[in-house]
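As you go down the protein sequences, you meet chains A and B in turn. Under the numbering used here, read the first sequence as residues 1 to 293, first letter to last. Under the numbering used here, read the second sequence as residues 294 to 537, first letter to last. Here the structure is laid out as structure tokens; the discussion comes afterwards.
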Amino acid sequence: MLESCADPSSLSGLAWFACYLTTGKHMAFYLSFGTVLLLLVITAPAALLFGFGGALASRSGIAPLRWFGRAYIAMVRGVPEIIFFLFVPLAIDQGFEYLRHKVMCPDWSEPIRQGNDFVVCTAAKLPLNADPQWMHEIYGFLLAILAFAIVYGAFAANTIRGAFDAVPRAQIETAQAFGMTGRQVFWRVHMPQMWVYALPGLSNLWMILTKATPLLFLLGIEDIVFWARELGSMKTRAFAYPHPNWQLWYFLGLLVFYLGLTRVSEMVLARLNAHFSHGQATLAGRGQGGIGR
Amino acid sequence: MKSLIKGVVAGLAFSVAFSGIANAQTIRMGTEGAYPPYNFINDSGEVDGFERELGDELCKRASLTCEWVTNEWDSIIPNLVSGNYDTIIAGMSITEERDKVIDFTQDYFPPSPSLFVALSGGSVDLAGGVIAAQTATIQAGFVSASGATLVEFATPDETIQAVRNGEADAVLADGDYLMPIVDESNGELAVVGQESIGGGIGMGIRESDAELKSRMDKAIGSMKADGTLNTMIKKWFGDDANVF
Chain A
1 MLESCADPSS LSGLAWFACY LTTGKHMAFY LSFGTVLLLL VITAPAALLF
51 GFGGALASRS GIAPLRWFGR AYIAMVRGVP EIIFFLFVPL AIDQGFEYLR
101 HKVMCPDWSE PIRQGNDFVV CTAAKLPLNA DPQWMHEIYG FLLAILAFAI
151 VYGAFAANTI RGAFDAVPRA QIETAQAFGM TGRQVFWRVH MPQMWVYALP
201 GLSNLWMILT KATPLLFLLG IEDIVFWARE LGSMKTRAFA YPHPNWQLWY
251 FLGLLVFYLG LTRVSEMVLA RLNAHFSHGQ ATLAGRGQGG IGR
Chain B
294 MKSLIKGVVA GLAFSVAFSG IANAQTIRMG TEGAYPPYNF INDSGEVDGF
344 ERELGDELCK RASLTCEWVT NEWDSIIPNL VSGNYDTIIA GMSITEERDK
394 VIDFTQDYFP PSPSLFVALS GGSVDLAGGV IAAQTATIQA GFVSASGATL
444 VEFATPDETI QAVRNGEADA VLADGDYLMP IVDESNGELA VVGQESIGGG
494 IGMGIRESDA ELKSRMDKAI GSMKADGTLN TMIKKWFGDD ANVF
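If you want it as structure tokens, here you go:
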């Protein structure tokens with residue numbers, strides 16, 4: 001904080017704003033943009049991995065694996081996200097703590113479920129009660145990534161499954177006729193052609209994911225929407241910088257951020273689409289003597 | 294001297310280990326952070342307010358280290374019973390319904406009236422109009438039982454917005470939260486009614502955590518006895534505030 005900001009009530013005009021916009025709370029707001037971008041950058045590949053796994057499982061020749069894949073896609077897609085985010089991270093967290101409790105405190109005699117309470121021994125807490133707050137925050141962040149990856153993975157799985165089915169049968173048969181093994185057919189012909197069909201659906205998911213981060217507040221993670229609401233809300237004289245409700249301005253700021261993010265995403269997705277379409281027997285690819293050559 | 298200190302430390306650690314809160318010297322205090330002057334996030338991003346000052350003092354008297362965490366009001370009880378933090382200190386009135394799920398310490402804030410606030414100048418039908426209140430509060434319960442139409446919001450700030458933009462005819466909330474807002478609204482808002490709902494405010498603690506509850510009870514008792522609690526209430530809520 002700047003030294004001239006020691007007494008905000010004596011300031012006015014630009015000086016007031018300069019101090020106001022550099023408070024610790026505003027710094028947390030600016031940092032939360034980084035949190036959101038980091039979350040997106042980690043979650044997107046994680047969700048893609050879940051989606052890919054789910055798609056392969058649901059198309060598997062092994063029946064139990066196929067049932068598992070189909071059940072995953074059907075169940076997770078059917079549960080409202082807000083319920084999922086209230087329940088699953090808590091359940092995952094309690095699952096971890098339960099396992100640690102069993103390993104680390106075998107002598108504990110009291111039950112873990114006491115009425116409404118979930119009680120594990122102190123050493124089994126994750127993170128430990130005495131751990132600094134940043135460790136709790138990182139842990140919450142990891143839980144959030146896992147939850148997002150599971151939810152968006154289910155949607156991605158269905159998209160990718162459809163894309164696998166959309167690859168023309170003739171392509172696969174030709175590859176087989178060349179004497180390729182099943183593995184070669186999959187890696188060299190089937191999967192490279194799948195992406196072009198999956199990309200529109202996956203890009204939809206990405207755009208929805210970028211706007212889903214306010215759900216993080218259910219996990220105690222403070223994202224940009226939380227801070228915009230908190231900073232913009234009316235401040236009485238209990239605060240150093242009292243002001244009326246300014247949420248409109250903060251949300252306009254978020255609008256600019258999201259429009260920018262959308263623009264960048266579109267540019268990247270267009271390049272990806274051009275890359276995957278190259279040489280394909282599709283209208284976009286203009287590869288195999290189709291129209292528009 | 295060093296070994297003496299070591300001995301004392303070991304003795305303390307031993308007694309704490311036996312007191313049930315096995316070496317959990319650190320207690321996580323859960324609050325909402327959106328209800329000034331009870332609790333709010335100040336301009337440097339820290340939890341601040343009456344309950345921050347009170348909680349720090351209670352922890353000192355109970356010889357505990359306290360870490361502050363914020364959680365949204367809606368899920369504040371589920372996260373307590375699940376063990377994400379150890380206390381709720383968030384302007385939560387002691388009610389029978391909540392007492393079935395969690396335990397409360399003795400009250401650290403006496404019963405204080407709730408107010409109806411509306412745009413000044415109009416006439417408001419408090420019994421049959423549209424009244425805003427925060428979700429899962431005693432005020433929301435009161436409105437829904439009163440016959441008026443209840444509109445609920447997740448945060449206290451949104452209830453005020455609803456009155457300002459005409460979505461609700463009036464808001465019902467704790468007077469201590471509403472009064473500074475009315476005073477600073479330049480006559481835009483006015484108090485149009487008063488209601489006495491609920492008892493005092495206490496600290497919420499897991500039912501299985503009897504040890505922590507008794508330590509906090511004792512600390513609150515000692516603050517009541519030496520008058521520091523009343524001084525603190527007057528500091529944050531003004532000289533007219535109800536005291537013990």
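Ideal Cβ placement from N, Cα and C applies to all residues, glycine included.
Asked: Just to confirm before moving on: does the CB-CB distance between residue 193 (chain A) and residue 280 (chain A) stay below 8 Å?; Found: yes
Asked: Spell out whether any CB of chain A is found under 8 Å from the CB atom of residue 508 (chain B).; Found: no
Asked: Using a 10 Å radius around the Cβ and a threshold of 16 neighbouring Cβ atoms, would you call residue 196 (chain A) buried or exposed?; Found: buried
Asked: Comparing C-alpha positions only, which one of B:443, B:419, B:442, B:430 sits nearest to residue 449 (chain B)?; Found: B:430
Asked: What residues of chain A sit near residue 445 (chain B), judged by a beta carbon separation below 8 Å?; Found: By Cβ distance, chain A contributes nothing, its closest Cβ being about 16 Å from residue 445 (chain B), past 8 Å.
Asked: Using a threshold of 8 Å, state whether the C-beta atoms of residue 213 (chain A) and residue 36 (chain A) are closer than that.; Found: yes
Asked: Taking buried to mean at least 16 other C-beta atoms within 10 Å of its own C-beta, is residue 134 (chain A) buried or exposed?; Found: exposed
Asked: Can you find a CB in chain B that lies within less than 8 Å of the CB of residue 9 (chain A)?; Found: no
Asked: For residue 220 (chain A), I'd like the list of residues in its chain whose CB is within less than 7 Å of its CB, leaving aside the five on either flank, ordered along the chain.; Found: 140
Asked: Give me, in chain order, the residues of the same chain whose beta-carbon lies closer than 7 Å to that of residue 453 (chain B); leave out the 5 immediate sequence neighbours on both sides.; Found: 464, 474
Asked: With a Cβ-Cβ cutoff of 8 Å, do residue 58 (chain A) and residue 161 (chain A) count as a contact?; Found: yes
Asked: Is there a Cβ of chain B sitting closer than 8 Å to that of residue 241 (chain A), yes or no?; Found: yes
Asked: I'd like to know if the region 251 to 265 of chain A and the region 200 to 218 of chain A are in contact, where contact means that at least 3 CB-CB pairs between them fall below 8 Å.; Found: yes
Asked: Is residue 94 (chain A) close to chain B? Criterion is C-beta to C-beta, closer than 8 Å.; Found: yes
Asked: What does residue 499 (chain B) reach in chain A if we use C-beta pairs closer than 7 Å?; Found: 117
Asked: Would residue 398 (chain B) and residue 493 (chain B) be called neighbours here (beta carbons separated by less than 8 Å)?; Found: no
Asked: Going along the region 313 to 345 of chain B in order, which residues come within less than 9 Å of chain A, judged by CB to CB distance?; Found: 314, 315, 316, 317, 318, 319, 320, 321, 326, 327, 329, 330, 333, 334, 335, 336, 337, 338, 339, 341, 342
Asked: Do residue 357 (chain B) and residue 401 (chain B) have their C-beta atoms within less than 8 Å of each other?; Found: no
Asked: Flag residue 382 (chain B) as yes if its beta-carbon sits less than 8 Å from any beta-carbon of chain A, otherwise no.; Found: no
Asked: Please tell me whether residue 217 (chain A) has its Cβ less than 8 Å away from any Cβ of chain B.; Found: yes
Asked: Let me know if residue 23 (chain A) comes out buried or exposed under the rule of 16 or more other beta-carbons within 10 Å of its beta-carbon.; Found: buried
Asked: For residue 237 (chain A), count neighbouring C-beta atoms within 10 Å of its own C-beta (all shown protein chains included) and say buried if the count is 16 or more, exposed if not.; Found: exposed
Asked: With three or more C-beta pairs closer than 8 Å as the rule, is the region 149 to 160 of chain A touching the region 65 to 73 of chain A?; Found: yes
Asked: So, does the CB of residue 460 (chain B) fall closer than 8 Å to a CB anywhere in chain A?; Found: no
Asked: Would you kindly work out how many angstroms separate the C-alpha atoms of residue 421 (chain B) and residue 451 (chain B), rounded to a whole number?; Found: 21 Å
Asked: How would you call residue 322 (chain B), buried or exposed, if buried means at least 16 neighbouring beta carbons within 10 angstroms?; Found: buried
Asked: Starting from the C-beta of residue 314 (chain B), find all residues in its chain whose C-beta is less than 7 Å away, skip the five residues before and the five after it, and write them out in chain order.; Found: With a pLDDT of 43 at residue 314 (chain B), under the threshold of 50, the modelled position of this residue cannot be trusted; read the value that follows with caution. Cβ within range, chain order: 504, 505.
Asked: Assuming residue 17 (chain A) is part of the alpha helix (DSSP H), what are its boundary residues?; Found: 13 to 20
Asked: Along the chain, where does the beta strand (DSSP E) that runs through residue 409 (chain B) open and close?; Found: 407 to 412
Asked: For residue 481 (chain B), which option in A:239, A:198, A:244, A:113 has the closest C-alpha, if you only look at C-alpha atoms?; Found: A:244
Asked: Which residues of chain B have a Cβ atom closer than 7 Å to the Cβ of residue 90 (chain A), listed in chain order?; Found: 375
Asked: Under 8 Å between C-beta atoms, does residue 193 (chain A) make it to chain B?; Found: no
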